[in-house]
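Numbering-wise, the numbering used here puts 60 at position 60 of the sequence shown, and it's gapless, one number per residue. Note that the Cβ used here is the ideal one computed from N, Cα and C, for glycine as well. Keep in mind that this is a model prediction, so the values were computed, not measured. I have placed the structure first, in the form of C-alpha cells, so that the comments after it can refer back to it.
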Amino acid sequence: MNSNGAYLDMGAAGSAASPLPEDDNALRFYSPERDQRALVYVRVTIPLGEKPARLDCTRLYEMELARLREEIELLKMAAE
Numbered sequence: 001m002n003s004n005g006a007y008l009d010m011g012a013a014g015s016a017a018s019p020l021p022e023d024d025n026a027l028r029f030y031s032p033e034r035d036q037r038a039l040v041y042v043r044v045t046i047p048l049g050e051k052p053a054r055l056d057c058t059r060l061y062e063m064e065l066a067r068l069r070e071e072i073e074l075l076k077m078a079a080e
C-alpha cells in the first residue's frame, strides 16, 4: 500500500473443512472437530511523523516523450 495517510486493512482466512468421517451416521453435515478453524483480522495503519515529499515525475515523463519522438523521426528518415 503506497499511501501517505492512514488506512484500514481487513480480511479473513481459514482452512478447508476436512471430509466427514465415514461411519453409519451418513446424514451428519456438521462436525465440531472439523469446522472450527477461521481467522478474521483488522489492521489500522497510522503513519507517524511528517508526510514524505512526493516525487514529481512530470519532467522525467516529458524527457521520455521527447526521446521517443526523436526516435520516431529517425525511423521515418531511415525509411525514406
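Item	Value
Hey, how far is the Cα of R43 from the Cα of A13?	14 Å
Who are D9's beta bridge partners in DSSP?	R43
From R54 to R37, what distance separates their C-alpha atoms?	43 Å
What is the residue span of the alpha helix (DSSP H) that E64 lies within?	58-79
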